[in-house]
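J.:
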Amino acid sequence: MINSLDPRIAREKINEDNTIAPLTEMDNWETYEVFHQKKRGEQHEHVGIVHAPNNEMALLFGKEQYGRRGISVNIWVVKTSNVFASDYDDADIFETVPDKQYREAGGYKVMEMINKYKKENKGL
Amino acid sequence: MYGNAYIDPNEKPLSILDGEDPIKLAEFEARIDRGEKIEPKDWMPKEYRKQLIRMIEQHAHSEIIGALPEGTWITRAPGFKRKLALMAKVQDEVGHAQLLYSAAETLGKSREAMINDLITGKSKYSNVFNYPALTWADSCVIAWLIDAGAIINQVANAKGSYGPYGRALDRICTEESFHLKYGHHNVVTLATGTPFQRQMVQEALTRWWPPIMHFFGPSDKISNHTTILMKWKVKMATNDDMRQQFLNMYVPKIWDLGLVLPDANLKKNEETKLWEYTEPDWDEFKRVINGGGPCNAERLAVRRMAEEKGRWVRAALLNKSEKYVTPLA
Chain B
1 MINSLDPRIA
11 REKINEDNTI
21 APLTEMDNWE
31 TYEVFHQKKR
41 GEQHEHVGIV
51 HAPNNEMALL
61 FGKEQYGRRG
71 ISVNIWVVKT
81 SNVFASDYDD
91 ADIFETVPDK
101 QYREAGGYKV
111 MEMINKYKKE
121 NKGL
Chain E
1001 MYGNAYIDPN
1011 EKPLSILDGE
1021 DPIKLAEFEA
1031 RIDRGEKIEP
1041 KDWMPKEYRK
1051 QLIRMIEQHA
1061 HSEIIGALPE
1071 GTWITRAPGF
1081 KRKLALMAKV
1091 QDEVGHAQLL
1101 YSAAETLGKS
1111 REAMINDLIT
1121 GKSKYSNVFN
1131 YPALTWADSC
1141 VIAWLIDAGA
1151 IINQVANAKG
1161 SYGPYGRALD
1171 RICTEESFHL
1181 KYGHHNVVTL
1191 ATGTPFQRQM
1201 VQEALTRWWP
1211 PIMHFFGPSD
1221 KISNHTTILM
1231 KWKVKMATND
1241 DMRQQFLNMY
1251 VPKIWDLGLV
1261 LPDANLKKNE
1271 ETKLWEYTEP
1281 DWDEFKRVIN
1291 GGGPCNAERL
1301 AVRRMAEEKG
1311 RWVRAALLNK
1321 SEKYVTPLA
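Protein chains in written order, with the working numbering: chain B, 1 to 124; chain E, 1001 to 1329.
#1: Report the three-state DSSP secondary structure of W1282/E (helix, strand or coil).
#2: Taking the beta strand (DSSP E) that N1269/E falls in, what are its first and last residues?
#3: Indicate whether P1327/E and I49/B have their beta-carbon atoms separated by less than 9 Å.
#4: Shorter than 8 Å, the distance from the beta carbon of D89/B to the closest heavy atom of the ligand MN, or not?
#5: Have a look at T1106/E and A1329/E and give me their C-alpha separation to the nearest angstrom.
#6: Going straight from the alpha carbon of R68/B to that of A1137/E, what length do you get?
#7: Which residue wins for smallest C-alpha separation from W1208/E, given the options P1078/E, K1267/E, S1102/E and S1139/E?
#8: Is there contact between the stretch 25-41 of chain B and the stretch 1314-1325 of chain E, where contact requires at least three CB pairs shorter than 8 Å?
#9: Could you work out which residue in E1039/E, K1309/E, V1128/E and K1122/E is closest to V89/B when comparing CA atoms only?
#10: List, in order along the chain, the chain E residues whose C-beta lies closer than 7 Å to that of N18/B?
#11: Near N1239/E, what residues of its chain come up, given a Cβ to Cβ distance below 7 Å and the 5 sequence neighbours on each side ignored?
#12: Is there a C-beta anywhere in chain E that falls below 9 Å from the one on A138/B?
#13: Is Y32/B closer than 9 Å to T80/B when the C-beta atoms are compared?
#14: Does the beta carbon of Y117/B sit closer than 9 Å to a beta carbon anywhere in chain A?
#15: Is it buried or exposed, A105/B, if we count other Cβ atoms within 10 angstroms and call 16 or more buried?
#16: Using DSSP bridges, identify the partner residues of I75/B.
#17: DSSP state of E16/B, grouped into three classes?
#18: Residues in the same chain with beta-carbon distance under 7 Å from V83/B, minus the five sequence neighbours each way, listed in chain order, please.
#19: Could you tell me which chain B residues have their CB closer than 7 Å to the CB of T1075/E, listed as they occur along the chain?
#20: Which residues in chain B have a C-beta closer than 9 Å to the C-beta of E1322/E? List them in chain order.
#21: Can you check whether the CB of G1121/E is closer than 9 Å to the CB of K1037/E?
#22: Alpha carbon to alpha carbon, how far is T1135/E from T1194/E? Give it in angstroms, no decimals.
#23: For Y985/E, which of E45/B, H51/B, R8/B and E42/B has the nearest alpha-carbon?
#24: Determine the burial state of Q1154/E: buried for a count of at least 16 other Cβ atoms within 10 Å of its Cβ, exposed for fewer.
#25: Below 6 Å CB to CB, which residues in the same chain sit around L1086/E once its five sequence neighbours on both sides are set aside?
#26: Going by alpha carbons, who is nearest to R1198/E out of A1156/E, A1306/E and L1257/E?
#27: Between D87/B and chain E, is there a C-beta pair that is closer than 9 Å?
#28: Rounded to a whole number of angstroms, what is the C-alpha to C-alpha distance between A1148/E and H1184/E?
#29: From which residue to which residue does the beta strand (DSSP E) around H1214/E run?
#30: For chain E, find out if any of its Cβ atoms is closer than 9 Å to the Cβ of M111/B; answer yes or no.
#31: As a quick exercise: from S72/B, V110/B and P22/B, pick the residue whose alpha carbon is nearest that of Q43/B.
#32: Looking at chain E, is there any beta carbon in it that lies within less than 9 Å of the beta carbon of E12/B?
#33: If you follow the beta strand (DSSP E) that I114/B is part of, which residue opens it and which one closes it?
#34: In chain order, what residues of the same chain have a beta carbon less than 8 Å from the beta carbon of V1201/E, not counting five sequence neighbours either side?
#35: Could you tell me the boundaries of the alpha helix (DSSP H) in which G1163/E lies?
#36: To the nearest whole angstrom, what separates the beta carbons of V47/B and F35/B, a pair I think is in contact under 8 Å?
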C-alpha cells in the first residue's frame, strides 16, 4: 500500500503493483482542431487540437487548453476528420499565383509612360 | 517542466542512416540548414522521427508526472492565494502534457500508445520527479529551480527543426514564465521569513540540489549519434552547456539569499567563465531512472489508478462509430 505524502493519494489506498489493462485505440477519443478568437470581428486562428468525445466536450477542453490565458471572446472546434485539406505535395497548384501580376495593383505602372509623353511633347 | 531526453547509454548504436534515400536525405538536411521547419507530413529520416517521438513523449510524461510532487501540497498550501497559484501551475503542467502529446501524435504515435508506455514503465520521464516533495518548501524549490532548468531546456529546443514541437514549446515557455516568478517569490518569502521558514527552505534546497544537478543529464558522449541529432536540430545544446547556463543564472540568485548549496567545490572559474562543481553521482541517477528512486513506484501506480478510474467515463462518452484521424499540425 502506498503511504503517500499527498493526502489525496494516501486515502485511495493504492497498491504499488496495481496493474491495469492497456488503453485501447480511441480510449482517448478522436481529435478536434481548435480555433481561437481574441476579439470580436478578428479572424479565428488555429491554435491546436484537443481529444474529445463530442462537440460540447471539445469546446470545454478547448477553453481550458487554449483560453486560460489572455483575453478570448470565442472558440470554434471542428473534428479533424471533417477538415478537407489540400495536400502539401500539390503545393504547385499555387505556383503561378505570384506571376499573375495582372491581378495586382502593382502590375499597372503608368508613370514611365506619362513622363515619356510629357518629355516628348514639351512645349507643344 | 523537463530536463533532457534520456538516451540509455547501453542502447545499441544505430546505423542511423541505413536504408535512407540519399537524395531525399540531402534535401531534408538542406532544408534544416536553411532554417526551415520540418512539418508533420514531410519526408524525414526514420531516426529523426524516432528520436523526436522519444523526446516529445518523454517531455509530455514529465509534465504529467511533474504535477504529482507539486500537487502533494495543494491541500495544505499556506493560504488561499498560494493555493490558487499552485492549482493554476499544476493545471498548466497537465495542459502542457496535452500540447506535447499532440505534437508527438503528428509523428504517428497515438496518445493511447504513449500512455500505455508510460504506465508500464517503458517510457521515461524526467528523473527529478522520482523524488518526494517532503515539505511545502520542497514544492517552492521545485517551482523555482526545476522550472528554471526546464525553461533553459525548452527555450533551446523551441528553436529546433520540428515545427509542431517548437510551437508547443513557445506556448509552454510563455506560460511557464509565471511558474518561475511564483517559485522565486515563494523561496524569497521563506528565505526572508522566520528562522524556522529559513531553515525549511535551506533543507529543501539541500535535498533538491543533487537532483537539480542531474536534471540536464550526464555529459553527452561525443558520438556520431549526438553529432547527427545536433545537425538535424533535434538536440539544440549539450547537457553540459545547459547545466552551465543554469548555474550561471541561478547560483548567484541562491547565494544572494544567503542560502548554502551542498557542494564545497561549486565556484565560477573566472578565467574559463565556467562553473566548477563536484561531479554528480551518475550511478545514483541511473539507479533512480531505472526504477530505484524513492517515488518511481508511487508515480506510476497513481497514473494507473487515474487511467483506470476514468476509463468507464471515457468509454461512456465514446461514440463507437468514430475513427481516429491524425491531427493536422
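Backbone N, C-alpha and C fix where the C-beta goes; we use that ideal spot for every residue, glycine too. Note that the structure is predicted; figures quoted are calculated from it, not measured.
T.: Judging by the given coordinates:
#1: Taking the first residue of the second sequence as 1, we reach residue 1282/E at position 282. Helix, per DSSP.
#2: Within the second sequence, the letter at position 269 stands for residue 1269/E. Note, N1269/E: beta strand (DSSP E), K1267 to N1269.
#3: As a position in the second sequence, residue 1327/E is number 327, starting the count at 1. As a position in the first sequence, residue 49/B is number 49, starting the count at 1. Yes, these two residues count as a Cβ contact at 9 Å.
#4: What this structure holds is no ligand at all, so the ligand MN is not there to describe.
#5: Reading the second sequence from its first residue, position 106 is the one you call residue 1106/E. Reading the second sequence from its first residue, position 329 is the one you call residue 1329/E. One C-alpha to the other measures close to 6 Å.
#6: Translated into the one-based positions of the first sequence, residue 68/B becomes position 68. Translated into the one-based positions of the second sequence, residue 1137/E becomes position 137. So the two alpha carbons sit approximately 27 Å from each other.
#7: For this step, residue 1208/E is matched to residue 208 along the second sequence. Closest by alpha carbon: S1139/E.
#8: yes
#9: Counting from 1 along the first sequence, the entry for residue 89/B is found at position 89. It is worth fixing the name first, because residue 89/B is Asp in this sequence and not Val. Measuring from the Cα of D89/B, the nearest candidate turns out to be E1039/E.
#10: Position 18 of the first sequence, counted from the first residue, corresponds to residue 18/B. Result: A1301, R1304 and M1305.
#11: The sequence position of residue 1239/E within the second sequence is 239, counting from 1. Taken in chain order, the residues that qualify are N1004, F1216, G1217, P1218, S1219 and D1220.
#12: Nothing can be reported for residue 138/B, as the shown portion of chain B is limited to 1 through 124.
#13: As a first step, residue 80/B must be located in the first sequence, where it is residue number 80. As a first step, residue 32/B must be located in the first sequence, where it is residue number 32. Going by C-beta atoms, T80/B is nearer than 9 Å to Y32/B.
#14: Given the protein chain composition of this structure (B and E), no chain A is represented.
#15: Numbered from its first residue, the first sequence carries residue 105/B at position 105. Exposed, since its Cβ has fewer than 16 Cβ neighbours within 10 Å.
#16: Locating residue 75/B in the first sequence gives position 75, where the first residue counts as 1. Answer is H36/B.
#17: If you number the first sequence from 1, residue 16/B lands on position 16. If DSSP states are grouped into helix, strand and coil, E16/B belongs with coil.
#18: Residue mapping note: residue 83/B aligns to position 83 of the first sequence, counting from 1. These residues qualify, in order along the chain: E33.
#19: Counted from its first residue, the second sequence places residue 1075/E at position 75. Within 7 Å Cβ-Cβ: P7 and R8.
#20: What you label residue 1322/E is simply residue 322 of the second sequence in a count that begins at 1. Chain B residues near E1322/E: M26, W29, E30, P53, K79 and S81.
#21: Against the second sequence, residue 1037/E aligns to sequence position 37. Against the second sequence, residue 1121/E aligns to sequence position 121. No. Outside cutoff.
#22: Within the second sequence, the letter at position 194 stands for residue 1194/E. Within the second sequence, the letter at position 135 stands for residue 1135/E. Approximately 16 Å, taken between the alpha carbons.
#23: Since the first and last residues shown for chain E are 1001 and 1329, residue 985/E lies out of range.
#24: What you label residue 1154/E is simply residue 154 of the second sequence in a count that begins at 1. By the 10 Å Cβ count, Q1154/E comes out buried.
#25: As a first step, residue 1086/E must be located in the second sequence, where it is residue number 86. Counting only Cβ-Cβ distances below 6 Å, and skipping sequence neighbours, we find I1074 and A1077.
#26: Numbered from its first residue, the second sequence carries residue 1198/E at position 198. Among A1156/E, A1306/E and L1257/E, the Cα nearest to that of R1198/E is on L1257/E.
#27: Position 87 of the first sequence, counting from 1, holds the residue named residue 87/B. Yes, D87/B lies at the interface with chain E (some Cβ there is under 9 Å from its Cβ).
#28: Within the second sequence, the letter at position 148 stands for residue 1148/E. Within the second sequence, the letter at position 184 stands for residue 1184/E. Roughly 10 Å between the two C-alpha positions.
#29: As a working note, residue 1214/E is residue 214 in the second sequence. Here H1214/E belongs to no beta strand (DSSP E); instead the alpha helix (DSSP H) covers P1195 to H1214.
#30: By 1-based counting over the first sequence, the position of residue 111/B is 111. By this cut-off, M111/B is not an interface position.
#31: What you label residue 43/B is simply residue 43 of the first sequence in a count that begins at 1. Per the Cα distances, S72/B.
#32: By 1-based counting over the first sequence, the position of residue 12/B is 12. Chain E, which has a Cβ nearer than 9 Å to the Cβ of E12/B, makes this yes.
#33: By 1-based counting over the first sequence, the position of residue 114/B is 114. From DSSP, I114/B is part of no beta strand (DSSP E) but of the alpha helix (DSSP H) over M111 to E120.
#34: By 1-based counting over the second sequence, the position of residue 1201/E is 201. Answer for V1201/E: A1137, C1140, V1141, V1187, L1190, A1191 and L1259, listed in chain order.
#35: Here residue 1163/E corresponds to residue number 163 of the second sequence, with the count starting at 1. G1163 to A1191 is the span of the alpha helix (DSSP H), which, as asked, contains G1163/E.
#36: On the first sequence, position 47 is the one that residue 47/B refers to. On the first sequence, position 35 is the one that residue 35/B refers to. Confirmed, about 7 Å.
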